[in-house]
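Terminal number for the sequence shown in full-length UniProt numbering: 570, no gaps in between. Structure first, commentary second.
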Amino acid sequence: MSSFEDRRASYISLNKNHKDTISLMLKAYMNEELPNDKLQQLYDEYSINKNNHKDTDFNLISLIRLLYLSRTNHMQHEDIYLKYKDLLKNEKFWLSKNEQYQCYWSENHMICYLSSWHLWNQFNNITDDRCDLLLKTYLTIKTKYYFYEFFSQVYNMYTLSALLNIYDFTSNETIKELAKNCILILLQQFSEVISQNGTMFCSAGRTYNRYKVTSDGNNCNKLMHLLTGLSNENTISTIGTFFATTTFNPMMNYITPYHKNYEKTYIISHGDNEFKKIYNNLSFVDRTLFQWSAGNYFNPENVDDTVKLINDYNLWGHAHFKLEPYKTILSIIPKDVIVSSCNTFKALTDGSKLCDINYHIYNHNFITLTSVENYNRGKMGAQQFPWVANIGGVSVFTQSGKISTLGDLHEVIGNSNLPCIKQVKNVLMAMYNPYDILKNTTSQTNLDMTVYLNWQGFDNEIRAVNKSWYFGEKVNDGFSSYIAVYASNGVKEDASGNIYNSKDMQGWLAITGDENDYKNLTAFKNEVISNTNISFKEMKPKNLLNVIICSDAYYYGKVKFGDISFDMKW
C-alpha cells in the first residue's frame, strides 16, 4: 500500500488546478502562483455569505489557511493580507448582543470561529486574553471528554480542519500541543470505524440522512483516503485540502489494529448537570455557549441559563432557534412558560443533549457495528444516529420516522423517538417505547412514530423468515459478510418492500457474521435461528402492591446467542 506522503503528493497533483477555490491552498502549499480570478472568487464567496447572513466560519478557516500558506509568496501574500483587512474589518468572531444570524456555539462552528479569531489576532500582533482562554478551554475539554458531536462524519471534518489550522500556524506551544492531542483523537476514532473496504457508516451524535444511506462522495472519505489509503476517493474537498497541506505527520498505524475482532467502548462527554463545574473558569455567557455546544438548550437542567441568555442578548429571533428541533419545541411550548413546564415536556426538550455517551464499536473484516447505549431513550432526537451496521458497504439500521434523503421526517430531528440500545460484540438490541407526550402531540409535531428498517443493497437476502427474521449477504472481493435482523410482533412490508413496525412498544435485534464462521448465507440463517433465544414483551404490575410501588408497565427484552447473553428493561 502507498505511504501517506505518496498519497499526499498524488492528491495535490490531481487537485491543485481544480476550479474550486479550495484548490488555492494546494497551490500555495506548493509555492505556486495563485490565479487572481480564483482569489477574487474566494473573496466573493465570503462576502456573499456575509451579505446573505449565513455563517461565515467555514469561509474563515479557508481564508486563514490561505493567508498563512501564502507567506512564502511575498508579492501575492501582501495583496491577500490587504484584501483580508478590508474583508474582515467588521467580522465578529464571538457572540454579541442582538446577533440574529451567526451560530457561534455548535461545537464545529465554535472551533472554526475561535481558531480563526486566534490566528487573525496572531497575524496582526493583537493580544486577546478572552479569545485564548476560550480556545484553551475548548481544546482542554475535548482532550478529557472527547467531542460532543461524536463520530460525526459531517461536523467533525470542519472541526478537524480548524484544529489543523491551529496546529500548523499557532506560535503558542501550549495551544499547539492541545490541538495535536485533539487531532489524534479524531484520527483514531474514524480509523476505528472504517471498514476494511474503505466504506464508513457509524453511529453519530449529529449527522445527515445521506451519511446514513450512502458511503460515497462524503467529505470524510478524502481524509480517510489520505490517512489510510482504504478509501479510494481522492477528489477535492475541504478536509482533503487541509490534510494534504498540513505539517501534522500521521506516524501511527491507522489500519492494522482495527479490522480483526476489534472492540472498544468510549465514555464520551459528561453529565448535563456538570457544566458549571467543568466550565467554572468562564463567564455565564461563555459557559452557556459551551452548554449549547453539547445540545443542552431547553432540557430541565440547563433551560434557566438558556432563557436568561436569550433574553439578555435578544436571541429569540435568531435564525438558529427557527430551525428544528427548536422550531418544533417552541411551537408546542410557549416561550414564556418553557422554564416552568420543561419537565412536563422533557421528551421534547431533553433529546438534543449530547451527554453521558457510551459508544460501542465492533470492527471485523468488512463489518462494523456501532451504537450508543441507553441514550436519550424515548425522546425526540436531534440529528443523532443511534446505531448502524456496515455490512461490506451496506448500511443497516432502524429509524423512527421515514428513512429518506428527502423524507417526511426533518433530518435535523433524525428520529421521532430514540431507542434504548445495548450492544455486546457483534450482537445488538434496540427497543422503542416513546414517551406518551410524543404520541399525544403527533398532530402538532407531525412526527412519524413508525420505525423503519433500512434494508437495501445486498447481493443476496432472505426475507420474513418466521415473519420476523431478515438475512442479508454482501460480497467484497469474493468474501461474504452477513447480517441477521429480528423484528418483534407487528413488523410489516409494503408493496415496495419497505420494512416497518408501527407498534408503540417494539424490539429489534441485529447479529453479524461472515464466511470465516459460516460457509454461506443459508448456513448463517440456520445457525442464527436455531441458536438464538429472543423475546420482547410488555411487563405489567401483577398485584396492587406493585401498582402502588411502580404504576407504569415496562418493556423487557432478552437475547441469548452463543456465549452472548443480555437483557434490557425499560
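Yeah, the Cβ is synthetic: ideal placement off N, Cα and C, and Gly gets one too.
Task: Distance between K542 and H107 (C-alpha atoms, nearest Å) - done: The sequence given here has Glu at residue 107, not His. Going from the Cα of E107 to the Cα of K542 covers about 48 angstroms.
Open item on the list: Helix, strand or coil, according to DSSP, for R287 in the structure here?
Closed with: helix
Task: Runs of beta strand (DSSP E) wholly within the segment 256-333 (minimum 3 residues, chain order) - done: 262-268
Task: 8 angstroms Cβ cutoff met for G392 and N516 - done: no
Open item on the list: According to DSSP, simplified to helix, strand and coil, what is residue 573?
Closed with: Residue 573 falls outside the range modelled here, since the chain spans only 1 to 570, and no answer is possible.
- [ ] Could you give the DSSP three-state label for N476: helix, strand or coil?
- [x] strand
- [ ] Hey, could you find the ends of the alpha helix (DSSP H) F169 is sitting in?
- [x] 155-169
Task: Within 8 angstroms, strictly: CB atoms of S352 and P325 - done: yes
Open item on the list: In this structure, how does DSSP classify H109 when only helix, strand and coil are distinguished?
Closed with: helix
- [ ] Could you tell me if I48 is buried or exposed, where buried requires 16 or more neighbouring beta carbons within 10 angstroms of its beta carbon?
- [x] exposed
TODO: Mind reading off the beta-carbon distance from N533 to K492? Whole number of angstroms is fine, and I expect it under 8 angstroms.
DONE: Actually they do not touch by this definition, with Cβ atoms about 24 angstroms apart.
- [ ] List in chain order: all unbroken alpha helix (DSSP H) runs of 4+ residues lying wholly within the segment 392-476.
- [x] 436-440, 442-445
- [ ] Please specify which runs of the alpha helix (DSSP H), each continuous and at least 4 residues long, are wholly inside the segment 178-237, giving them in chain order.
- [x] 209-213, 219-228
Task: Where the beta strand (DSSP E) through Q506 begins and ends - done: 506-514
- [ ] Hey, could you find the ends of the beta strand (DSSP E) F151 is sitting in?
- [x] No beta strand (DSSP E) contains F151, which DSSP labels as neither H nor E.
- [ ] Would you tell me roughly how many angstroms separate the C-alpha atoms of I183 and E149, rounded to the nearest one?
- [x] 14 angstroms
Task: Cβ neighbours of Y254 in the same chain (closer than 6 angstroms, five flanking residues each side left out) - done: S191, L227, T228
TODO: Note down the Cα distance separating G295 from H318, rounded to an integer number of angstroms.
DONE: 16 angstroms
Open item on the list: Which of the three DSSP states is assigned to F561 in this structure?
Closed with: strand
Open item on the list: At the level of alpha carbons, what is the spacing between K474 and D459?
Closed with: 5 angstroms
Open item on the list: How far does the alpha helix (DSSP H) with residue 571 in it extend, from its first residue to its last?
Closed with: With the chain covering only 1 through 570, there is no way to say anything about residue 571.
- [ ] With a threshold of 7 angstroms, establish whether the CB of N516 neighbours any heavy atom of the ligand SAM.
- [x] What this structure holds is no ligand at all, so the ligand SAM is not there to describe.
Open item on the list: Could you compute how far the alpha carbon of K144 sits from the alpha carbon of K425?
Closed with: 26 angstroms
TODO: Decide yes or no for the touch test of the segment 255-263 against the segment 337-352: beta carbon pairs closer than 8 angstroms, at least 3 of them.
DONE: no
- [ ] Assign residue 571 to buried or exposed, taking buried as 16 or more other Cβ atoms, counted over all protein chains shown, within 10 Å of its Cβ.
- [x] With the chain covering 1 to 570 only, the question about residue 571 has no answer from this structure.
- [ ] Quick one: residues in its chain with C-beta nearer than 8 angstroms to the C-beta of F248, no 5 flanking neighbours on either side, listed in chain order?
- [x] L164, Y167, D168, K180, I183
- [ ] Might you give, ordered along the chain, the residues of its own chain that have their beta carbon closer than 7 angstroms to the beta carbon of Y138, omitting 5 neighbours on each side?
- [x] M110, I111, L114
Task: Rounded Cβ spacing between T241 and L14 (contact assumed at less than 8 angstroms) - done: Between L14 and T241 the Cβ distance is about 11 angstroms, and since that is not below 8 angstroms, they are no contact.
- [ ] Throw me the rounded Cβ distance for the G378 and N417 pair, which I believe falls under 8 angstroms.
- [x] 6 angstroms
- [ ] Quick one: using the 10 Å Cβ neighbour count with 16 as the cut-off for buried, is D304 buried or exposed?
- [x] exposed
Task: Residue environment, R463, which counts as buried when at least 16 other CB atoms sit within 10 Å - done: exposed
Task: Touch test, the segment 332-342 against the segment 446-457, Cβ-Cβ under 8 angstroms, three pairs minimum - done: no
- [ ] Could you spell out the range, first to last residue, of the alpha helix (DSSP H) harbouring K519?
- [x] Per DSSP, K519 belongs to no alpha helix (DSSP H) and is neither H nor E.
Open item on the list: Buried or exposed for R7, going by 16 or more other Cβ atoms inside 10 Å?
Closed with: buried
Task: Reduced DSSP secondary structure (H/G/I, E/B, other) of E99 - done: coil
Open item on the list: If I measure Cβ to Cβ from L438 and keep anything under 8 angstroms in the same chain, skipping five residues before and after, which residues do I get?
Closed with: A347, L348, G378, K379, M380, S416, N417, T445, L447, M449
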